[in-house]
Structure formats: structure tokens, C-alpha cells
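Q: Dropping the structure in here first, questions after.
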Ligand SMILES: [Zn+2]
Ligand SMILES: [Zn+2]
């Protein structure tokens, strides 16, 4: 990334921290808003969001939502609309000036959660609701697309607006879209998630480096040989074998992972046997693995396989092991984080921007790092219950700041190249 004046300023501010930013008076100086702010269709964004909210669709089933998004993008008149998969949409805006290609991603799917917000525009689909706020992501990115399409003459390069399906369900929609090759020309990816907890409208910049965890799982069946509880020599005890495995797995994080690097292995399921005097013939174990680096992720998988294989063999048991790779960890690019923070401060003021902690959840936005550097942000939607709660109800007044940040980040990224 070319270092521009804005990026350089951000670098200094970023190093000094938010408190120093506020003390330096950056907040007060940046209130002169650029012309494009008046082009943000604020009322439409609320209308779109409420319509999507009322018509939620589960992962891989986003038929209505993708059609709705596509029709809105087409109404702007200068956005090329493509369908990489049956329920995902990408809007492409080619600016009047040549330049790089940047993508902003919104996810569109809802959850199998019955809504309990009591809102007049509550879900009309029983048992399904936008409890994670993807309706808001979609509406805000439509607002961003509308705003940038209105200033196409000022856009230096190409913008991809990714309306992704199926974030909530592994293997996730990002993988499907990446596999089509439609994003191969993208130079940088940005994404944003809403969440409660702080004042509405605050933009959080997730840390550079690992910004979320990779989430993998394993499912193990140990096949032993049943016997009478008083005659263990006649059987192969899967409970003893499983217990040895559980204990040995505890040494992977403590003995193999670099101290200080976050990693978790939890065996959350261990089922076997029905009676105190019977040695059962099998045991079922399952666990979850959380990591923040690909190296450790691979290391742990390898060690788990080795531990299970050797202990099962040593005990004379056989086994079947399914190791399920979930979403990788997000890897926030340091340069993009600096740029995003500077952009957010420029358009909203430093008192509206904070350094967000790493997400403990996982996100398939992480997969876009296979193509180009990525940066993930958060938008605070005020007090209230957490995402995925039936009563999740973001404050609509916060959305405008999300759109302002998205537009400014896209413009600044393209201008920095
Ligand atoms: Zn979610
Ligand atoms: Zn989500």
C-alpha cells in the first residue's frame, strides 16, 4: 500500500491510541462533511432494512433477499449486477478514473431463532429472524452502493459490493463465491459487523493480526470390545482408552503451542456405557478447537491425530475420526486497519472510533484473505442483548455512521493506491 498523507497521520494516531487522538482535537476539526454525505439515502436504508428484517431467510435459502438486493442495485443505473451463486449478489461499480479494486462485504442470511423484539416490522416467517443483524449489514451496504454510485466521477477504481449468502452455516457462503473466481481481481476486502454494548454509531477497528478465532471440531468413535466388568482381560475398554486420550489432549496446548498464543482444545462430549458392571464396546467423543494462526491450527490437528492413533493402538482399540475444519481466523491487515481507522476518524471524529478487541466468535469473512488482505470492523448499535438473542434489536440511528465509514474507507483505499 502506498503511504499517503492520510495514512501517515493515521499511523501516528494509531500508535498513540484513541485517547491521544481525542486530546489532539482531531474530533472537532473533522466536522466539515464531504459533499457525498447528503447523497446517503438515510430513509431508504431504514426502509430496506425493515423489509429485509420482515422477510428473513435461512442460510443458502436467500432467494427473496438476493432478488430484492439485485433490484435495488439495478435501480441505481450504473452498477453491474452478477450472481456468483444462486442466492448471492455482487454489485460492481466502475469508477470514472482507473485504479485498484476494493470489495466491501455484507452477509444476508438469518437464523433459526424465533423473534421476540415486539417490533412492528418483526419477522413474518415463523421461527426465523435476523437475530445477528445481517439485515442491517445488507441495508447499509446498499446505502453505501447508492452513495458511491452517485459520485462515480470521483471514484478512482472499481468497487465490489458483495452481498454474501450463508455466513451462519458452515462451510459458509464466502467459500462458494471465492471458488467461482469472480473476486480474483480484488486488491483488498473490508467487512463490518454490528453489535451491542457501546453508544450507537461507534466504529470499532478490530486488531491487526488475528481478529477472530478459527473454529474446528473433531468427532471420535473408539471401537473396543465389550466384556463383563469383572473380566477386563477378555475385552478392550473404550472408556479407559478415551480417558487416556482426553488427558493426553490437554498437553497439546500446554506443551506444543507457543506460550502466550491463544489456543483451546475442549472435549465437550464423552459418551459410553450403560451399566457399572459392563465394559462397553464403544465410546463417542467430540471436541472443539479454537486457534488464531494457521500454523498452530495445523499443528493441533496433527497432534490430535497422532495422540488418538497411538493411544488407540497401544490399547488394542480401533477408531474412526472425523476432523471438521470450520472457518479460519480472520487476519486483519495492519495497513488496512490503519487506513480504516483514519477514514473513520476523518468522517466521524475520533470520539466515535475505538479499538475493538479480537472477536471470540468465528466469521467466514476470514476466507477472503485467501485472495487479498482483509480488514474487519464493528459498528456499535447501542445497549441491549447480544447478537443471536431472540430480542436482538439494534438502534437504527447507528446505521448512518456505518454507511459513512464504509464510503469513506472505500474512497480512501482507492485514493491511496
Ligand atoms: Zn451470527
Ligand atoms: Zn453475523
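Numbering (this note's numbering), first residue to last: 677 to 1093. Ideal Cβ placement from N, Cα and C applies to all residues, glycine included.
Mind reading off the beta-carbon distance from residue 866 to residue 1016? Whole number of angstroms is fine, and I expect it under 8 Å.
A: 7 Å
Q: Hey, would you say residue 771 sits closer than 7 Å to residue 714, going by beta carbons?
A: no
Q: Do the CB positions of residue 1018 and residue 793 come within less than 7 Å of each other?
A: no
Q: Between residue 989 and residue 1051, how many whole angstroms is the CB-CB distance? I'm expecting something under 8 Å.
A: The Cβ separation is near 46 Å, so there is no contact.
Q: Rounding to the nearest angstrom, what Cα-Cα distance links residue 966 and residue 890 in this structure?
A: 5 Å
Q: Give the C-beta separation of residue 853 and residue 840 to the nearest angstrom, bearing in mind that I take them to be a contact with Cβ-Cβ under 8 Å.
A: 6 Å
Q: Should residue 1084 be labelled buried (16 or more other beta-carbon atoms within 10 Å of its own) or exposed?
A: buried
Q: At what residues does the alpha helix (DSSP H) containing residue 852 begin and finish?
A: From DSSP, the alpha helix (DSSP H) with residue 852 extends over 849-856.
Q: Could you tell me which whole alpha helix (DSSP H) segments of length 4 or greater appear in the region 927-1003?
A: Within the region 927-1003, complete alpha helix (DSSP H) segments of at least 4 residues are found at 970-991, given in chain order.
Q: Whole angstroms is fine: what's the gap from residue 798's alpha carbon to residue 870's?
A: 18 Å
Q: Considering only the alpha carbon of each residue, which of 709, 710, 725, 716 lies closest to residue 1071?
A: 725
Q: The alpha helix (DSSP H) spanning residue 726 covers which residue range?
A: 718-730
Q: Please write down, chain order preserved, every residue whose beta carbon lies under 6 Å from a heavy atom of ligand 1.
A: 808, 844, 1063, 1064
Q: Here's the rule: buried if 16 or more other CB atoms are within 10 angstroms of the residue's CB, otherwise exposed. What is residue 1069?
A: buried
Q: Return the bridge partner residues of residue 1052 from the DSSP annotation.
A: 867
Q: Check whether the region 805-817 and the region 724-741 touch, using three or more Cβ-Cβ pairs below 8 Å as the test.
A: yes
Q: Could you give the distance in angstroms between the alpha-carbon of residue 971 and the alpha-carbon of residue 992?
A: 32 Å
Q: Any idea what DSSP makes of residue 832, helix, strand or coil?
A: In the structure shown, residue 832 sits in a strand (DSSP, three-state: E or B).
Q: Is it the case that the Cβ atoms of residue 1094 and residue 804 are separated by a distance below 7 Å?
A: Residue 1094 cannot be examined here, being either before or after the span of the chain that is shown, 677 to 1093.
Q: Can you tell me which residues form a DSSP beta bridge with residue 904?
A: DSSP, once it has assigned bridges, lists 954 as partnering residue 904.
Q: How about residue 825 and residue 769: do their beta carbons lie closer than 7 Å?
A: For residue 825 and residue 769, yes; Cβs fall inside 7 Å.
Q: Throw me the rounded Cβ distance for the residue 877 and residue 1054 pair, which I believe falls under 8 Å.
A: So it is not a contact: roughly 12 Å between Cβ atoms.
Q: Measure the alpha-carbon distance for residue 1092 versus residue 778 and round it to whole angstroms.
A: Here the alpha carbon of residue 1092 sits roughly 12 Å from the alpha carbon of residue 778.
Q: Looking at the secondary structure, which residues open and close the alpha helix (DSSP H) in which residue 1016 lies?
A: For residue 1016, the uninterrupted alpha helix (DSSP H) segment begins and ends at 1010-1024.
Q: Whole angstroms are fine: how far does the CA of residue 1028 sit from the CA of residue 705?
A: Caution applies to residue 705, whose pLDDT of 46 falls short of 50 and renders its modelled position unreliable; the value that the coordinates give is listed next. Approximately 13 Å between the Cα atoms of the pair.
Q: If you follow the alpha helix (DSSP H) that residue 747 is in, where does it begin and where does it stop?
A: Boundaries of the alpha helix (DSSP H) around residue 747: 739-751.
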